[in-house]
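Each remark here refers to the structure printed beneath this line.
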């Protein structure tokens with residue numbers, strides 16, 4: 130899901146938002162706040178957390194990214210990087226360094242399917258993820274907003290000439306990706322806790338999935354995400370837990386080095402992109 | 171290498187030489203010597219990054235990883251194998267150079283965001299490796315009791331001795347890099363930064379140069395790492411993580427990435443900020459770094475060093491309009 | 038200064054079956070052509086005909102989908118641009134790819150790169166060999182600046198020059214690599230009549246030095262005045278080729294350019310009375 134967030138922004142702006150991981154983190158922690166401190170019911174906490182993070186994404190674009198539109202690629206990278214660590218720093222101040230948890234969405238132990246135990250939470254994650262993908266695909270293919278956004282990605286100047294408000298599209302993409310990232314954060318907090326520092330690693334792995342699936346390909350992101358998750362769990366059996374994280378990163382490097390367009394991207398389109 | 175640069179070099183050298191003398195007299199700031207030692211060590215790392223970012227125009231979030239490889243190589247070779255520190259340092263350089271070459275060849279084919287991500291990923295992998303290989307690196311608690319360095323039998327243990335050793339090496343590195351920049355190689359690098367395709371069509375093997383700069387940067391970071399290891403005598407992986415790579419980038423950007431002097435100034439400034447002035451605000455550290463980085467990227471991409479020419483430019487523009495208005 | 042001994046009768050550049058496809062679009066569809074050494078070969082055609090693509094394939098910026106390009110008998114298709122530059126092919130760009138923040142002199146000095154050797158270590162340690170090489174680079178660069186008439190501007194930043202001078206500088210830079218074949222991509226774009234005249238003189242001078250010139254241009258007067266041969270490209274294929282006189286009369290060319298009515302007058306336009314030709 131993190132990967133999808135990356136895709137959303139990338140599709141419109143060809144920017145890779147380093148703060149994506151922090152959206153995930155914020156989503157999780159905001160939900161904890163809403164559920165734990167304010168004692169809101171879970172689904173309300175989910176919604177509030179997601180909306181709040183969406184606002185953060187909004188603010189990020191409106192106040193900062195917009196100013197930086199014409200800067201060099203290097204500056205943009207530094208900016209999103211700086212934003213990500215500012216978010217991390219703020220989170221540390223607000224929530225401290227301890228990890229937090231959320232109760233699972235539906236009570237009950239894991240269900241057994243064909244000898245393997247699947248956590249109910251995992252089903253929630255997959256389910257919501259699928260919903261999001263379907264929603265996004267429909268959005269980008271059918272709705273006029275979606276098509277407009279894709280137009281911006283292809284050629285911002287032409288889109289402007291056609292009357293598409295590019296600035297708004299970019300804003301929308303940031304909000305979308307913030308929302309999706311936040312949703313991801315809320316979904317996994319019950320499974321594996323959330324603290325201020327998790328953002329970076331999640332963000333990196335999410336990028337790995339995005340790259341593996343081919344930037345801009347939503348289904349690719351899903352497939353890649355599943356693949357990465359499987360690879361990680363598989364290796365966790367053989368390697369120590371620290372190295373588990375390295376697996377996803379290693380795969381990321383492999384993809385970038387050998388097949389930057391990802392498994393589902395097309396070679397030609399990749400050549401035309403500015404990497 | 172240009173009279174201007176020799177003058178700055180001389181001036182800076184003089185300042186560096188007399189700095190301890192000035193500072194040791196005043197009790198309150200006498201520990202600034204210690205801070206400057208760190209600044210010197212970090213400068214070695216940031217010069218490398220400056221070459222890569224400001225001249226060749228590539229980005230790397232892996233400098234802390236090379237810093238770490240240099241430090242750990244020195245540490246491991248001297249503690250477990252009893253090697254002489256002065257032999258371990260070149261070993262660290264060679265290892266870093268090799269790794270940089272292996273990673274650089276595929277990575278530097280990428281551009282912009284992808285390169286950033288690739289170097290970021292590499293840096294994190296190295297950090298994980300350092301933390302996990304307990305047998306080799308001591309794991310999260312790291313290595314301790316790293317022996318001191320000796321020159322001709324004299325143990326380098328006092329702060330003053332370290333100060334002059336580190337800055338001596340920094341100046342050698344500066345001279346090497348400045349001379350390199352004012353040559354065929356330097357022109358090629360600047361050309362690659364501005365118009366890569368044109369440079370390539372004029373016979374510059376751009377891919378090869380990018381990798382070479384990456385390797386040089388890594389080797390400089392390795393020297394820094396070795397010195398660091400012997401100075402602090404105990405190292406652990408947390409000094410070589412992503413935040414540190416970002417810190418190094420901050421040092422280069424604040425000072426001005428298009429000039430080595432910028433890297434130097436930025437590093438000294440940020441080291442003082444980090445070690446001294448932020449001590450009371452430890453929790454805010456990350457936030458502050460992020461804000462500074464953001465501010466610099468948005469408003470002053472040329473760094474501090476670019477402020478001087480900007481002021482001169484503005485003064486010139488102002489006076490010329492007055493003349494026009496009068497005549 | 039001599040740059041090249043005119044070679045034998047073998048063509049300096051041979052293109053066989055060159056194809057370049059971008060996804061579904063075929064920018065070049067099967068080009069076969071030979072360029073004899075020592076001439077000024079013009080390449081014309083409507084926008085989108087594939088001229089810059091052809092240049093990019095020859096200079097190595099693009100790898101062709103199919104086909105063979107041979108320079109002086111050596112196959113160069115798909116090679117890296119810097120290798121091709123070393124073999125003796127140089128070029129200018131449509132959008133003037135000068136190093137704007139470097140000085141005029143430094144731009145030309147950079148072009149000496151393929152003919153010089155000092156690397157990182159020699160430069161860093163300032164070895165004696167490097168110093169003498171630097172001096173030679175500077176000397177040669179000044180010679181080329183002199184050749185194109187820009188010596189007084191040597192110390193200025195390249196970005197501050199007016200467009201006409203920038204174009205000349207770019208040609209001077211391309212010459213400094215000591216090419217035997219130079220590709221000029223719309224050098225007259227944006228130049229006024231006087232500047233275009235000077236450009237024409239410069240190109241003739243280049244030819245006299247023994248360098249083969251491959252010239253893409255839209256300025257018909259310039260083309261007709263200085264070219265020895267013209268190749269007309271349309272939709273990625275060679276439409277016609279021959280001497281200027283032949284091309285002028287070629288009905289297919291006229292039609293491709295501007296439609297039957299106006300094309301003839303464009304191609305065979307004479308200069309206004311009172312102005313001399315070259």
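Protein chains in written order, with the numbering used here: chain A, 130 to 404; chain B, 171 to 497; chain C, 38 to 315.
Ideal Cβ positions, reconstructed from N, Cα and C, are used throughout, including at glycine.
The structure presented is a predicted model; accordingly, all values stated were derived computationally and were not measured.
Query                                                                                                                                                                                    : Result
Pull up the distance between the alpha-carbon of residue 244/A and that of residue 465/B, whole angstroms please.                                                                        : With a pLDDT of only 49 at residue 244/A, under 50, the local geometry of the prediction cannot be trusted, and the value read off the model is given with reservation. Near 55 Å, if we compare the C-alpha coordinates of residue 465/B and residue 244/A.
I'd like to know if the segment 257 to 267 of chain C and the segment 231 to 243 of chain C are in contact, where contact means that at least 3 CB-CB pairs between them fall below 8 Å. : yes
Where does residue 388/B fall in DSSP's three states?                                                                                                                                    : helix
List, in order along the chain, the chain C residues whose C-beta lies closer than 7 Å to that of residue 484/B?                                                                         : Within chain C, no residue comes near residue 484/B; the closest Cβ sits about 18 Å away, beyond 7 Å.
From which residue to which residue does the alpha helix (DSSP H) around residue 206/B run?                                                                                              : 202 to 220
Ordered along the chain, which non-local residues of its own chain (more than five positions away) have a Cβ less than 6 Å from that of residue 359/B?                                   : 225, 226
From residue 218/A to residue 282/B, what does the alpha carbon distance come to, in whole angstroms?                                                                                    : 25 Å
Within 10 Å of its beta-carbon, does residue 94/C have 16 or more other beta-carbons around it, so buried, or fewer, so exposed?                                                         : buried
Closer than 7 Å by beta-carbon distance: list the chain B residues that pair up with residue 285/C, in chain order.                                                                      : Neighbours of residue 285/C on chain B: none; closest Cβ ~33 Å, over 7 Å.
Is residue 275/B near the ligand SAH, judged by its Cβ being under 7 Å from some heavy atom?                                                                                             : This structure lacks the ligand SAH; in fact it carries no ligand of any kind.
Just curious, the beta strand (DSSP E) that residue 57/C is in, first and last residue?                                                                                                  : 50 to 59
Quick check on residue 270/C: buried or exposed, where buried means 16 or more other Cβ atoms within 10 Å of its Cβ?                                                                     : buried
Going by the CB atoms, is the gap between residue 460/B and residue 215/A shorter than 8 Å?                                                                                              : yes
Mind listing which residues of the segment 142 to 175 of chain C have their C-beta closer than 9 Å to chain B's C-betas, in chain order?                                                 : 143, 144, 146, 147, 148, 149, 150, 151, 152, 153, 154, 155, 156, 157, 158, 159, 160, 161, 162, 163, 167, 170, 171, 174
For residue 139/C, which three-state DSSP category applies?                                                                                                                              : coil
Between the segment 245 to 262 of chain C and the segment 147 to 164 of chain C, do three or more beta carbon pairs fall short of 8 Å?                                                   : no
Contact defined as beta carbons within less than 8 Å: I believe residue 179/C pairs with residue 188/C. What is the distance between those atoms, to the nearest angstrom?               : 7 Å
Find the residues of chain B that neighbour residue 378/A, judging by a C-beta separation of less than 7 Å, and give them in chain order.                                                : 291, 294, 295
From the DSSP output, in three-state form, read off residue 244/A for me.                                                                                                                : Low local confidence applies: a pLDDT of 49 at residue 244/A is under 50, so the model's placement there is unreliable, with the coordinate-based value given in what follows. Note: residue 244/A maps to coil in three-state DSSP.
Mind listing which residues of the segment 363 to 395 of chain B have their C-beta closer than 7 Å to chain A's C-betas, in chain order?                                                 : none
How many angstroms separate the CA atom of residue 258/B from the CA atom of residue 107/C?                                                                                              : 51 Å
Taking the straight line between their C-alpha atoms, what separation do you get for residue 184/A and residue 211/A?                                                                    : 18 Å
For the alpha helix (DSSP H) holding residue 421/B, just list the boundary residues, first then last.                                                                                    : 412 to 425
Using beta carbons (cut-off 8 Å, strictly below), is residue 206/A in contact with chain B?                                                                                              : yes
Out of 58/C, 170/C, 148/C, which has the shortest C-alpha to C-alpha gap to residue 209/C?                                                                                               : 148/C
With a threshold of 16 other CB atoms inside 10 Å of the CB of residue 180/B, please say whether the residue is buried or exposed.                                                       : exposed
Please list, in chain order, the chain B residues whose beta carbon lies closer than 7 Å to that of residue 316/C.                                                                       : Residue 316/C falls outside the range modelled here, since chain C spans only 38 to 315, and no answer is possible.
I want to verify the contact list: residues of chain B whose CB lies under 9 Å from the CB of residue 98/C, in sequence order.                                                           : 367, 370, 371
Count the other CB atoms, across all protein chains shown, that sit within 10 Å of the CB of residue 154/B; report buried if there are 16 or more and exposed otherwise.                 : Not covered by the structure: residue 154/B. The range shown for chain B is 171 to 497.
Assign residue 260/A to buried or exposed, taking buried as 16 or more other Cβ atoms, counted over all protein chains shown, within 10 Å of its Cβ.                                     : exposed
Would you identify the three-state DSSP class for residue 189/A, choosing helix, strand or coil?                                                                                         : helix
Return no unless some Cβ of chain B is closer than 8 Å to the Cβ of residue 90/C.                                                                                                        : no
Within 8 Å (strictly less), CB to CB, does residue 218/A reach chain B?                                                                                                                  : yes
Cβ of residue 295/B within 8 Å of Cβ of residue 378/A?                                                                                                                                   : yes
Compute the distance between the beta-carbons of residue 102/C and residue 139/C, then report whether it is under 8 Å.                                                                   : no
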